[in-house]
Amino acid sequence: MKRSQRPTVVAVLLVLPLVLPLVLLGGCGVVARPDAAAWDDRAAQALTDAGSQVATVRLALASAGEGRTWSSYTTVLVVQAEEAAGRAEEDLARVQVPAARADTAAAVLDLLDRAVDLVAEARARAVAGRYDDAGLLDDLDRLEGDLRQAAP
Amino acid sequence: MKRYFAVLLGILTAIGGFVDIGDLVTNAQVGARLGTSLVWVVVVGVVGICVFAEMSGRIAAVSHRATFDLVRERLGPRMGFLNLVGSMLVTLLTFIAEIGGVALALQLVSSVHHLLIVPFVAVAVWIVLWRARFSSIENVLGLMGLALIAFAVALWQLGPDWGELATGLSPAEKPDAESWATYAFFGVALFGAAMTPYEVFFFSSGGVEERWTEKDIGVMRANVFIGFPLGGILSVAIAACAATVFLPAGVTVETLGQVGLPVAIGLGKIGLAVVVLGFFAATFGAACETGLSTGYSLAQYFGFPWGKYVRPREAAGFHIILLVVTVTAAGVLLTGVDPIMVTEISVVFSAIALPLTYFPILVVANDPDYLGEHVNGRVANTLGVVYLVVIAVAALAAIPLMIVTSMGQG
């Protein structure tokens with residue numbers, strides 16, 4: 111490398127580590143305190159994400175029940191859906207609820223909690239190789255409808 | 574006969590090697606959320622990669638020298654360095670995503686967590702880069718990648734409403750729930766996935782490795798103009814499968830397991846096994862290509878011996894780079910970062926780095942000192958300039974769209 115190039119290279123290498131953490135830390139407070147509209151957006155996103163995971167689990171169990179997937183594939187799909195549903199609930203639960211949304215928040219978090227519980231139940235059945243529970247598939251269907259309806 | 578076989582093999586490996594983790598994930602995500610309304614971007618991206626791959630292949634065949642070597646010489650060390658840094662960062666990011674993709678594919682058949690698989694994948698990739706012949710890497714993994722044709726077969730078996738799929742090709746058919754900003758973000762991501770810079774570097778460096786001459790330009794063009802578009806059809810099939818199964822169900826794609834689920838629904842266990850083999854081949858093949866590309870680009874820029882046909886002792890620097898990037902990639906993945914997230918970031922940053930990659934190729938392809946009578950003709954130059962404008966727009970729009978849509982969340 112030529113001597114004339116060195117200042118440019120050094121400048122890039124020095125500036126990047128200094129600027130990046132500042133940019134990343136700029137948006138991070140201890141607690142997120144969105145206004146009502148921003149909270150609505152977050153809630154809608156959490157409900158949509160959870161609904162997507164519930165629908166994935168339903169598809170995975172139905173496919174496994176028809177012998178279209180093998181057990182490890184189904185297990186991985188359902189476990190990852192369970193983790194993602196849990197993340198959706200936790201992310202929203204960590205947000206400070208605006209006073210105007212106290213009642214709505216309770217209902218939304220309750221719905222998300224139901225989603226996490228039902229997906230966990232589905233995971234337990236998938237790991238045990240019990241895919242043919244029509245009642246569970248119906249429950250997943252209903253819950254997915256509820257989540258979709260609750261998300262504006 | 575041997576020549577026809579070479580053409581056929583080249584086309585087949587180009588098809589099988591076209592799709593990587595970025596194409597798999599981005600096409601499935603787009604299909605699940607936006608149906609087939611962004612297929613036109615895949616078409617634009619495939620034509621673009623054909624235009625620049627042909628140029629870089631022609632440069633390799635005529636000058637017998639690789640891209641970074643010529644860029645540094647023709648445009649000077651500063652422009653060459655900028656080109657190197659932009660391309661290297663994106664290629665390294667893609668390399669990390671590909672190794673993560675291999676681990677995710679193996680997780681689907683073993684149910685062992687991908688973090689436990691990553692070190693073994695990294696060692697396997699490094700051994701292949703160290704020991705395997707260039708043609709073996711290209712041909713074996715490229716041909717295995719053809720297993721992804723299962724997506725097209727599955728689409729047929731799923732029996733979608735073909736009229737609805739065709740109608741959905743229009744951007745006006747974008748689902749109402751998605752904003753235009755989200756539509757544009759995924760458009761840029763798809764474009765970045767289709768035109769990933771490493772594909773061109775690997776293609777041209779491979780040409781130098783295999784000692785292409787002017788006589789090979791015809792075969793090279795057949796590989797590019799037939800193989801890449803057919804590879805693009807696989808990308809469209811992935812998006813259409815996701816559009817058929819996930820869009821009505823309201824599922825967004827976040828895992829590799831979800832990408833394969835429509836094939837399981839359409840074809841059952843055997844089809845699923847074939848497609849998981851395709852996942853493995855596509856990601857492992859791309860891991861080798863991106864790993865080699867980082868070694869190629871650094872070695873070519875700094876001018877030390879490189880390549881699979883040079884003895885490791887003579888190309889020690891090249892092989893040390895391969896080892897360092899493999900260890901780095903495994904180290905990054907072992908922090909617990911989600912390989913799918915790395916993939917999403919890599920395709921967007923790929924779009925950002927595109928001008929740095931493709932502008933120098935256009936300049937060198939126009940220089941008669943290097944290409945003689947094989948310099949760009951009017952068609953290649955017109956397409957090259959038009960694509961540079963498109964690439965510049967995509968690169969400028971990428972970061973604002975990433976921020977506005979929170980990486981496509983909404």
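Top to bottom, those sequences are chains A and B. Here this note's numbering is used: the first residue of the first sequence is 111, the next is one more, and so on. Here this note's numbering is used: the first residue of the second sequence is 574, the next is one more, and so on. Even for Gly, the Cβ is constructed at its ideal location relative to N, Cα and C. If you're wondering where the values come from, they're calculated on a predicted model, not measured in any experiment.
- Taking CB atoms only, residue 684(B) has a neighbour in chain A less than 8 Å away.
- For residue 816(B), the closest Cβ of chain A is not nearer than 8 Å.
- Interface residue (Cβ-Cβ distance to chain B less than 8 Å): residue 258(A) is classified as such.
- If you look at residue 231(A), you'll find it in the alpha helix (DSSP H) that goes 212 to 237.
- Excluding the 5 residues flanking it on each side, residue 590(B) has same chain C-beta neighbours closer than 6 Å at 715, 718, 858, in chain order.
- Only 680, 681, 682, 683, 684 from the segment 664 to 689 of chain B bring a Cβ to less than 7 Å from some Cβ of chain A.
- Residue state for residue 737(B) is assigned as helix, using DSSP reduced to three classes.
- Chain-order list of chain A residues neighbouring residue 838(B): 169, 173, 178, by C-beta distance under 8 Å.
- In the structure shown, residue 878(B) adopts coil according to DSSP, grouped into three states.
- Taking all protein chains in view, the Cβ of residue 929(B) is crowded by 16 or more other Cβ atoms within 10 Å, so the residue is classified as buried.
- Taken in chain order, the members of the segment 822 to 855 of chain B whose beta-carbon sits within less than 7 Å of a beta-carbon on chain A are 822, 823, 824, 825, 827, 828, 830, 831, 834, 837, 838, 841, 842, 845.
- For the 8 Å CB-CB criterion, residue 935(B) and residue 906(B) do not form a contact.
- Of all C-beta pairs linking the segment 145 to 164 of chain A to the segment 193 to 205 of chain A, three or more are shorter than 8 Å, placing the two stretches in contact.
- For residue 982(B), the chain A residues whose Cβ falls inside 8 Å of its Cβ are 155, in order along the chain.
- In the three-state reduction of the DSSP assignment, residue 747(B) falls in the coil class.
- Around residue 185(A), the beta-carbon contacts reaching into chain B at under 9 Å are 684.
- The C-beta of residue 166(A) comes closer than 8 Å to at least one C-beta of chain B.
- Residue 754(B) and residue 801(B) have their C-alpha atoms roughly 29 Å apart.
- Around the beta carbon of residue 900(B), fewer than 16 other beta carbons lie within 10 angstroms, which makes this residue exposed.
- Cβ-Cβ distances below 7 Å link residue 185(A) to 236, 237 in the same chain, with the five nearest sequence neighbours on each side left out; the list follows chain order.
- In the structure shown, residue 862(B) adopts helical secondary structure according to DSSP, grouped into three states.
- Counting other Cβ atoms within 10 Å of its Cβ, residue 879(B) reaches 16 or more and is therefore classed as buried.
- A Cβ-Cβ distance of about 6 Å is found for the pair residue 171(A) and residue 232(A), placing them in contact under the 8 Å criterion.
- Beyond the five residues adjoining it in sequence on each side, residue 744(B) comes within less than 6 Å, by CB distance, of 610 in the same chain, given in chain order.
- For residue 687(B), the enclosing alpha helix (DSSP H) starts and ends at 687 to 704.
- Residue 847(B) is positioned such that its CB atom lies closer than 8 Å to that of residue 720(B).
- Closest by C-alpha distance to residue 784(B), out of 882(B), 869(B), 849(B), is 882(B).
- Under the DSSP assignment, residue 805(B) falls in the alpha helix (DSSP H) whose first and last residues are 801 to 822.
- Chain-ordered, the chain B residues with CB closer than 7 Å to the CB of residue 194(A) read 827.
- Annotation: Cβ neighbours of residue 161(A) in chain B (cutoff 7 Å, chain order): 823.
- With contacts defined by Cβ atoms closer than 8 Å, residue 866(B) and residue 657(B) do not form a contacting pair.
- Only those residues of the segment 201 to 214 of chain A whose C-beta falls short of 7 Å from the nearest C-beta of chain B would be listed, and there are none.
- Between the C-alpha atoms of residue 156(A) and residue 219(A) there is a straight-line separation of about 9 Å.
- Three or more beta-carbon pairs drawn from the segment 731 to 748 of chain B and the segment 601 to 610 of chain B are found closer than 8 Å, and the two stretches are therefore classed as touching.
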